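To start, the structure itself, in structure tokens.
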Amino acid sequence: MARNNRRNVLPNTYVPVLSKKALTTVLMRSPKRSLMELVQRWPQLANTQPNIDGAKPREIRRIGKEVLETVRQWRASPAGVSKRTIVDTIVYEWWSGGLNLLQLSQIDCQLIVDRPNAYSWVYSTVRDFSGAEVAVSLDPAKFLDRLSMDLSTLYLSYIYICRHPQLPLVLIRIQVFDLQPMSTVKRSNRPHISSNRPFLAAIPMNSSHIIHSPGDDVVSSIVHQAIERSLPQSRGRPLTLEAATNQAPVRSLESMHILHGNSRFAHSMGAWAPYADNSVDTSPLGDTTNHVLASENASVQPVATPLQELKTIANLRFKGTKDGAYKSEKLFDDDEGSKPKRWHGDDDDEAGENPTTSEFTSIAPLQHVSFVLKEPIEKSGDESAIKITLVGSDVYAGLHELSVATADENEMVLDPRSIPNWLTGT
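Next up, the structure:
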């Protein structure tokens, strides 16, 4: 969804000045299957027709049919086609005149879905005048109008809004452009402008938090303020958007949504996760024979080795269940329904690109965790402080795996029986 009914709002069809190399880099980030889906969709939309310099409308229509037929052949070919071939055909043949803003926005938003770890995220909190958190419910069309009107007073801009197909999130891609005062590059009938890096935001349903791109530069600050002013305000209850302090960016949108969206797991991590998973308590109207205590003896497997016993303890400490598994298919509330996750691991040229899961994978993987331990010093009244910072692709999964590396106490680095709760993600 994108609109251009205001001054200084660029249209869907505007083609920014990007080199072939830059376009190739943008496209190569996407999975092969998504590229074919986009290429198949573009000739069928009025604003994303093939773009070839000097081509007449009849020629464009012919090329559009050629695109659809070629993609059909690619899909049917037993040998398949390489991603590089698809990208080169897009950049040097079908869209040799460049990709427009709508296409670039679709590529970025699809990448968020296909590669959840492709971007880093932070969050801000919506508060009222008294400092209380306020859950926001946005009308995407009205929010887009207010945001584009606000930004158009300062920048040339383009805003694209869509819904995440797997998570209950509204995705927003905001890109602002600066006019170049003087340019030696002559472009017909349009000024030469330079683009800033797109600012991405993800707004959860019925949450007081807004997830967005990190950044402390001037443009990010202005966009952040524009989002604040575009929230559904009322005279008696003005809202502010307060950025959380001392937060490390998280390289997982799903983790951010679980922690700051509408997931019941947000405050039930580690050993408390079974309560959010609804596998401990039974509804007063539920069947008590299905209670975990009623089937405990049948489900518990005999402990064969000290290492297996250690793994059971570690699972209880880090995940709250003996086998480390949960019964919930979704870790968040989703009234509208969502599509299942789509993985692209079956593509030969994308092997190893997708995040893999293991028995240790956390509910919400975090890449950066810091703790400050304070201890009073006897007789002096002062405190000593030690800061511990842990970094990795999934910090708590790494600690979990390390705690069951060996059952030999002489070689054990972490003992799951005595590890403090704050190191288990609780």
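Letter by letter, the sequence shown follows residues 2 to 427 in our numbering. Here a beta-carbon is modelled for each residue, glycine too, at the ideal position from N, C-alpha and C. Small disclaimer: the values here were computed from a predicted structure and weren't measured.
Checklist entry - Ordered along the chain, which non-local residues of its own chain (more than five positions away) have a Cβ less than 7 angstroms from that of Trp96? => result Walking along the sequence shown from the start, residue 96 turns up at place 95. Answer for Trp96: Pro51 and Asn52, listed in chain order.
Checklist entry - Under three-state DSSP, which class holds Tyr93? => result If you number the sequence shown from 1, residue 93 lands on position 92. Note: Tyr93 maps to helix in three-state DSSP.
Checklist entry - What's the call for Ile175, buried or exposed, on a 16-neighbour Cβ count within 10 Å? => result Within the sequence shown, residue 175 is the residue found at index 174, counting from 1. Buried is the call here.
Checklist entry - Name the DSSP bridge partner or partners of Pro377? => result Taking the sequence shown and counting its residues from 1, one reaches residue 377 at position 376. In the DSSP output, where bridge partners are listed per residue, Pro377 has Glu384.
Checklist entry - Would a C-beta distance cut-off of 8 angstroms place Pro169 and Pro205 closer than the cut-off? => result As a position in the sequence shown, residue 169 is number 168, starting the count at 1. As a position in the sequence shown, residue 205 is number 204, starting the count at 1. Yes.
Checklist entry - Could you give the uninterrupted runs of the alpha helix (DSSP H) lying entirely in the segment 38-101, keeping only those of 4 residues or more? => result 58-77 and 84-90
Checklist entry - Excluding five sequence neighbours on each side, which residues of the same chain lie with their C-beta closer than 6 angstroms to the C-beta of Arg64? => result For this step, residue 64 is matched to residue 63 along the sequence shown. Note on identity: in this sequence residue 64 is Ile, with Arg being the wrong assignment. Same-chain partners within the cutoff: Pro51.
Checklist entry - Contact between the segment 100-114 and the segment 231-246: three or more CB pairs below 8 angstroms? => result no
Next on the checklist: Assuming Ser363 and Ala398 are in contact, meaning their beta carbons sit under 8 angstroms apart, how far apart are those beta carbons, in whole angstroms?
Outcome noted: Here residue 363 corresponds to residue number 362 of the sequence shown, with the count starting at 1. Here residue 398 corresponds to residue number 397 of the sequence shown, with the count starting at 1. About 5 angstroms separates the two Cβ atoms, so the contact holds.
Checklist entry - Is the distance from the Cβ of Ala136 to the Cβ of Ser208 below 8 angstroms? => result By 1-based counting over the sequence shown, the position of residue 136 is 135. By 1-based counting over the sequence shown, the position of residue 208 is 207. Taking 8 angstroms as the Cβ cut-off, Ala136 and Ser208 qualify as a contacting pair.
Checklist entry - Count the other CB atoms within 10 Å of the CB of Met29; is the residue buried (16 or more) or exposed (fewer)? => result Mapped onto the sequence shown, residue 29 falls at position 28. So Met29 ends up on the exposed side.
Next on the checklist: Once DSSP output is grouped into helix, strand and coil, what is the label at Thr246?
Outcome noted: For the purposes of this step, residue 246 is taken as the residue at position 245 of the sequence shown. Coil at Thr246, not helix or strand.
Item to check | Beta carbon of Arg252 nearer than 8 angstroms to that of Asp129 | outcome: Counting from 1 along the sequence shown, the entry for residue 252 is found at position 251. Counting from 1 along the sequence shown, the entry for residue 129 is found at position 128. No. Outside cutoff.
Checklist entry - Is Pro141 closer than 8 angstroms to Ile162 when the C-beta atoms are compared? => result Taking the sequence shown and counting its residues from 1, one reaches residue 162 at position 161. Taking the sequence shown and counting its residues from 1, one reaches residue 141 at position 140. Yes, Cβ-Cβ distance for Ile162 and Pro141 is below 8 angstroms.
Checklist entry - From Asp416 to Pro366, what does the alpha carbon distance come to, in whole angstroms? => result Start at 1 with the first residue of the sequence shown, and residue 416 comes out as number 415. Start at 1 with the first residue of the sequence shown, and residue 366 comes out as number 365. Rounded to the nearest angstrom, the two C-alpha atoms are 21 angstroms apart.
Next on the checklist: Could you check whether Ala203 and Ile228 sit closer than 8 angstroms to each other, using their CB atoms as the reference points?
Outcome noted: For the purposes of this step, residue 228 is taken as residue 227 along the sequence shown, with counting starting at 1. For the purposes of this step, residue 203 is taken as residue 202 along the sequence shown, with counting starting at 1. No.
Checklist entry - Per DSSP, what kind of secondary structure is Pro205 in: helix, strand or coil? => result Taking the first residue of the sequence shown as position 1, residue 205 is located at position 204. Pro205 falls in the strand class under three-state DSSP.
Item to check | Local conformation of Asp348 per DSSP, three classes | outcome: Within the sequence shown, the letter at position 347 stands for residue 348. Because Asp348 carries a pLDDT of 49, less than 50, the predicted location of this residue cannot be relied on, and the following value inherits that uncertainty. Asp348 falls in the coil class under three-state DSSP.
Next on the checklist: Out of Gln368, Leu148, Gly55 and Leu39, which one is the CA nearest neighbour of Ser256?
Outcome noted: Translated into positions along the sequence shown, residue 256 becomes position 255. That would be Gln368, whose Cα lies nearest to the Cα of Ser256.
Item to check | Assigned exposure category for Asp349 - 16 Cβ within 10 Å defines buried | outcome: In the sequence shown, the residue the question calls residue 349 occupies position 348. Confidence at Asp349 is low in this model, with a pLDDT of 44, below 50, so the placement of that residue is unreliable and no value is reported for it.
Next on the checklist: Could you pull the DSSP bridge partners for Phe200 from this structure?
Outcome noted: For the purposes of this step, residue 200 is taken as the residue at position 199 of the sequence shown. In DSSP, Phe200 forms a bridge with Ile175.
Checklist entry - Where does Ile212 sit, in a helix, a strand or coil, going by DSSP? => result Along the sequence shown, one-based indexing puts residue 212 at 211. In this structure, Ile212 counts as strand in the three-state DSSP scheme.
Next on the checklist: Tell me the rounded alpha-carbon separation between Thr427 and Glu412.
Outcome noted: Locating residue 427 in the sequence shown gives position 426, counting from the first residue. Locating residue 412 in the sequence shown gives position 411, counting from the first residue. The straight-line gap from Cα to Cα measures roughly 25 angstroms.
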